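Take a look at the structure below.
In the numbering used here, the protein residues as written are 1 to 427.
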């Protein structure tokens with residue numbers, strides 16, 4: 001029986017400290033994340049505030065979900081106005097917004113069809129299903145033999161299929177048996193891919209144009225183009241996971257645009273809603289999309305009126321505010337400054353890398369001050385970032401950041417890194 005509990009009113013919540021919130025969450029919530037110890041209750045543009053009222057620069061952007069900035073007024077307006085009228089019909093009925101959305105997004109990206117979903121991993125699962133079905137119906141692969149190639153270091157979610165393709169033990173260990181039919185090859189290795197593509201049962205190559213969770217790993221300039229051409233020669237679908245890298249994050253609408261590649265299947269998510277609710281999409285042309293028939297795939301919430309309105313508003317903001325151009329310009333400045341001020345002045349800073357406003361700073365493994373500790377120090381100076389793989393820190397602010405805000409953020413980062421050359425900070 002549900003217990004009535006009126007002790008968690010809004011007024012009483014205002015009396016709780018950050019530590020109170022953290023303790024309560026740890027008591028009642030699953031322990032499946034290790035968040036930085038900060039409790040946030042407000043966001044606007046490039047800033048977030050904690051429950052004590054302290055303001056922070058957001059340099060994670062919810063893993064690139066808030067490219068348009070927190071609570072962008074045009075996206076919020078689209079959400080609220082549609083929510084007043086109709087929120088959900090399921091796909092059992094048509095709604096008057098999805099027709100506009102499907103035309104809008106396919107026109108924007110130049111594909112025949114879109115299949116709307118909710119989360120990024122759902123988009124990935126959808127892409128894999130489409131790829132396999134295409135292999136059986138079009139390529140002629142024998143039933144239940146279609147394979148999909150993934151790159152080592154990949155990350156596209158936490159479902160069983162996603163962890164089955166992973167090469168990271170922290171993702172897959174303890175969750176077997178795993179989904180069959182997945183192969184892995186080293187990232188940024190065209191020869192390894194060429195060899196794997198010799199298998200006639202390979203249906204697709206699923207690739208992040210830049211590997212995000214692996215630490216913002218940027219491939220060689222010729223890698224994506226070369227991989228695409230190898231796939232074409234082998235009659236294999238090139239699937240681009242643009243969920244983190246797409247939607248202007250790297251200085252182009254899609255990261256693949258840097259290489260002049262038009263993927264056979266594109267997965268979008270995260271910033272497709274500007275961070276206000278889960279919205280994802282899979283784009284491809286008719287020979288692939290129409291292999292899935294009615295009743296064979298779908299989602300109750302995918303393509304709901306609210307999601308469609310929000311996605312259109314979020315995409316319009318990206319274009320209207322020239323966020324790709326801003327990401328390219330400010331991202332280059334970010335790397336140029338940190339290359340000089342960090343990598344060239346501190347031997348323990350081993351690399352500054354990225355594309356657009358998706359960047360990372362790598363430190364020596366075993367440095368006395370860990371990436372986690374550096375992120376705590378950044379927090380204490382008003383900037384939120386998150387480490388990955390213990391020695392890499394990602395820096396990915398909302399794309400609406402101004403040059404003056406970037407300059408202020410760079411000062412914080414340089415100050416903290418300078419003080420982190422030794423275990424005892426002087427900041």
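The beta-carbon is built from N, C-alpha and C at its ideal position, and this holds for glycine as well.
The structure displayed is predicted, hence computed values, not measured ones.
For residue 395 and residue 138, the gap between their C-alpha atoms comes out near 42 angstroms. Shortest Cα-Cα distance from residue 219 to any of 44, 151 and 100 involves 151. In the DSSP assignment, residue 353 forms a beta bridge with 360.
A distance of 8 angstroms or more separates the beta carbons of residue 365 and residue 105. Per the coordinates, the alpha-carbon of residue 41 lies some 48 angstroms from the alpha-carbon of residue 144. Of the residues 410, 271, 136 and 354, the one whose Cα lies closest to the Cα of residue 378 is 410. Taking C-beta atoms under 8 angstroms as the contact rule, residue 75 and residue 314 qualify, at a distance of about 5 angstroms. For residue 55, DSSP records a beta bridge to 49.
Counting only the Cα atoms, residue 418 lies some 42 angstroms from residue 161.
Here residue 123 is actually not in contact with residue 246; their C-beta atoms are around 11 angstroms apart, not less than 8 angstroms.
If you draw a straight line from the Cα of residue 336 to the Cα of residue 94, it is about 50 angstroms long. For residue 218, there is no enclosing alpha helix (DSSP H), since its DSSP letter is neither H nor E. Restricting attention to beta strand (DSSP E) runs no shorter than 3 residues, the stretch 337–423 encloses them at 349–355, 358–363, 386–388 and 392–395, ordered along the chain.
With 16 or more other Cβ atoms from the protein chains shown falling within 10 Å of its own Cβ, residue 303 counts as buried. Between the stretch 249–266 and the stretch 311–325, the count of Cβ pairs shorter than 8 angstroms is three or higher; the stretches touch. Around the beta carbon of residue 19, a 10 Å sphere encloses fewer than 16 other beta carbons of the protein chains shown; the residue is thus reported as exposed. For the pair residue 243 and residue 416, the Cα-to-Cα distance works out to about 30 angstroms. With a cutoff of 8 angstroms on beta-carbon distance, residue 128 and residue 157 are scored as not near each other.
Residue 181 is a Cβ neighbour of residue 148, given a cutoff of 8 angstroms.
Counting along the chain, residue 241 sits inside the beta strand (DSSP E) bounded by residues 237–241. In the three-state scheme derived from DSSP, where H, G and I count as helix and E and B as strand, residue 104 is classed as helix. Under the 10 Å beta carbon count, residue 293 is surrounded by fewer than 16 other beta carbons and is classified as exposed. In this chain, the alpha helix (DSSP H) harbouring residue 318 covers 305–320.
Shortest Cα-Cα distance from residue 168 to any of 214, 43, 354 and 90 involves 214. Taking C-beta atoms as the reference points, residue 203 and residue 131 count as a pair closer than 8 angstroms. Excluding five sequence positions before and after residue 300, the CB atoms of its chain that fall closer than 6 angstroms to its own CB belong to 90, given in chain order.
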